[in-house]
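Read the structure below first, then the notes.
2 protein chains.
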Amino acid sequence: MSEVVVKPSHGHEASASKARLRLWLKLLKATKHVEAELRENFRTGFDTTLPRFDVMAALYRDEQGLKMSELSSVLRVSNGNVTGIVDRLVDDGILVRVPVDNDRRATTVRLTTAGREQFEAMASSHERWIDCLLDGIEADEVPHLSEQLECIARKSTKGED
Amino acid sequence: MSEVVVKPSHGHEASASKARLRLWLKLLKATKHVEAELRENFRTGFDTTLPRFDVMAALYRDEQGLKMSELSSVLRVSNGNVTGIVDRLVDDGILVRVPVDNDRRATTVRLTTAGREQFEAMASSHERWIDCLLDGIEADEVPHLSEQLECIARKSTKGED
DNA sequence: CGGTTATATTTCAAGCATAAAATTTTTATG
DNA sequence: CATAAAAATTTTATGCTTGAAATATAACCG
Numbered sequence: 512m513s514e515v516v517v518k519p520s521h522g523h524e525a526s527a528s529k530a531r532l533r534l535w536l537k538l539l540k541a542t543k544h545v546e547a548e549l550r551e552n553f554r555t556g557f558d559t560t561l562p563r564f565d566v567m568a569a570l571y572r573d574e575q576g577l578k579m580s581e582l583s584s585v586l587r588v589s590n591g592n593v594t595g596i597v598d599r600l601v602d603d604g605i606l607v608r609v610p611v612d613n614d615r616r617a618t619t620v621r622l623t624t625a626g627r628e629q630f631e632a633m634a635s636s637h638e639r640w641i642d643c644l645l646d647g648i649e650a651d652e653v654p655h656l657s658e659q660l661e662c663i664a665r666k667s668t669k670g671e672d
Numbered sequence: 512m513s514e515v516v517v518k519p520s521h522g523h524e525a526s527a528s529k530a531r532l533r534l535w536l537k538l539l540k541a542t543k544h545v546e547a548e549l550r551e552n553f554r555t556g557f558d559t560t561l562p563r564f565d566v567m568a569a570l571y572r573d574e575q576g577l578k579m580s581e582l583s584s585v586l587r588v589s590n591g592n593v594t595g596i597v598d599r600l601v602d603d604g605i606l607v608r609v610p611v612d613n614d615r616r617a618t619t620v621r622l623t624t625a626g627r628e629q630f631e632a633m634a635s636s637h638e639r640w641i642d643c644l645l646d647g648i649e650a651d652e653v654p655h656l657s658e659q660l661e662c663i664a665r666k667s668t669k670g671e672d
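Heads up: the sequence lines are chains A and B, in that order. Using the working numbering, you'd call the opening residue of the first sequence number 512 and step up by one each time. Using the working numbering, you'd call the opening residue of the second sequence number 512 and step up by one each time.
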């Protein structure tokens, strides 16, 4: 009977765990870097912010607008957060709040004409910036990378301590 | 003379640009997802936050501590931001500010013994959480993915409009 | 020296973000 | 119908984050 233990594994190997930790730090660093570049470009080029752009992007698709709860669900941020950003965009004439028929609890939020125009200009620049920032990724690598990222986005720590 | 234009390319193809845009959204989604899981785990498990953990992690390596400016440089956040986080950690007995000899402008920040103990417990959980969240990535894929992310982190939009 | 420039940090104002509590309206149920 | 439960949103408290201005000290230089 052979008693040689080749790898003293405990289900997970420490080295794999450390490698994943380093990978996470690189994922974070890359994302933060792109976000920082975008923030700076939005600030100097359009005097606006990424969260404002995100709200406008979500509303640009639907001519009829979205309810506050739909907006926070699409953007995956809290209700209260959306309230504040929308407040400021309404003050700036970029958004309007429209009451919902038959439900006085809810409000729909919609881009104004000025808002749509501003968004189009920003979206065009945004696409160029991203194209530039990600141009180290070859086109044929995109599908696999995409899949890996989607896989990460689906995982949960539920059940772990 | 053949005048057929197969691809009306303008140096960059629109489809490649759109594909990069979608890739960026997935990169962002994956990162935000992991951050959200970590935040929730730190909150419920240790009643603390990711930024506090980041500061503690940076200080854990150096027994002698770091200057405020070194800390903000390592963490890549603004000076004023570090001031606030450190203030709260000092209030909680996790950090101490130590004057620097021969330079009364600067202060060094150091983990207390209690701080080191708390960090070790948190770091261990943190590593398990990451291991779990990234376990969809195979070990043999890590080096290539790593390289792609580093490549993104190096790009700049300087010179673009 | 004395005055300028550079460095280290904090303060400030504004906005982003969350979780939890509060408010208002709708829906369900006895 | 009355009242309880559910749903949509806002408010509140707290903390993170930035960029810019303010403060304090150090270094340089004529």
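Cβ atoms here follow ideal geometry from the backbone N, Cα and C, with glycine treated the same way. Since the model is a prediction, treat every value here as computed from it, not as a measurement.
Interface residues of chain B facing residue i [CB-CB closer than 8 Å]
i      : result
I663/A : A541, H544, V545, L644, L645, G647 and I648
Q659/A : G647, I648, E652 and L656
heavy atom of the ligand COA below 8 Å from residue i C-beta
i      : result
N613/A : Of ligands this structure carries none, so the ligand COA is not represented either.
Residue i versus the options, residue with shortest Cα-Cα distance
i      : options                           : result
K529/A : D602/B, A569/B and H637/B         : H637/B
V588/B : A547/A, G626/A, T555/A and R563/A : A547/A
Q659/A : R533/B, L532/B, A525/B and A541/B : A541/B
T618/A : E649/A, S580/A and D603/A         : S580/A
R639/B : K537/B, F553/B, R531/B and A527/B : F553/B
E631/A : H655/A, D642/A, L570/A and L534/A : L570/A
S667/B : E574/A, R550/A and L532/A         : R550/A
V611/A : Q575/A, K537/A and Q629/A         : Q575/A
I596/B : N613/B, A527/B and V620/B         : V620/B
K572/B : L622/B, E652/B and M633/B         : A small fix is needed here, since residue 572/B is Arg in this sequence, not Lys. The residue with the shortest Cα to Cα distance from R572/B is L622/B.
M567/A : D642/A, V593/A and T555/A         : V593/A
E661/B : A527/A, R665/A, L534/A and A525/A : L534/A
I641/A : L561/B, R563/B, S657/B and K669/B : K669/B
I663/A : L644/B, D651/B and E652/B         : L644/B
D565/B : V585/B, G556/B and D598/B         : V585/B
First through last residue of the alpha helix (DSSP H) which encompasses residue i
i      : result
L534/B : A525 to F557
V601/A : N590 to D602
R615/A : Neither: R615/A is in no alpha helix (DSSP H) and is coded neither H nor E.
I663/A : V653 to R665
A569/B : L561 to Y571
L582/A : M579 to L586
Interface partners of residue i on chain B, CB under 7 Å
i      : result
I641/A : R531, L532 and W535
A527/A : A650
T668/A : E548, N552, W640, C643 and L644
Beta carbon proximity, residue i to chain B, threshold 9 Å
i      : result
T560/A : no
L656/A : yes
N552/A : yes
V653/A : yes
C-alpha distance - residue i paired with residue j, whole-angstrom precision
i      : j      : result
L600/A : L582/B : 35 Å
G626/B : L577/B : 15 Å
V609/B : T559/B : 24 Å
E628/B : V607/A : 52 Å
L536/A : R615/A : 46 Å
A527/B : D646/A : 10 Å
E649/B : D603/B : 40 Å
T624/A : I605/A : 8 Å
V545/B : N613/A : 39 Å
E524/A : L538/A : 21 Å
S657/A : G591/B : 36 Å
R531/B : H655/A : 13 Å
D651/A : R665/B : 21 Å
For residue i, the first and last residue of its enclosing beta strand (DSSP E)
i      : result
L622/A : T618 to L622
9 Å Cβ cut-off: residues of chain B touching residue i
i      : result
R587/A : K540, K543, H544 and A547
T624/A : The premise fails here: T624/A is roughly 25 Å from chain B at the closest Cβ pair, so nothing lies under 9 Å.
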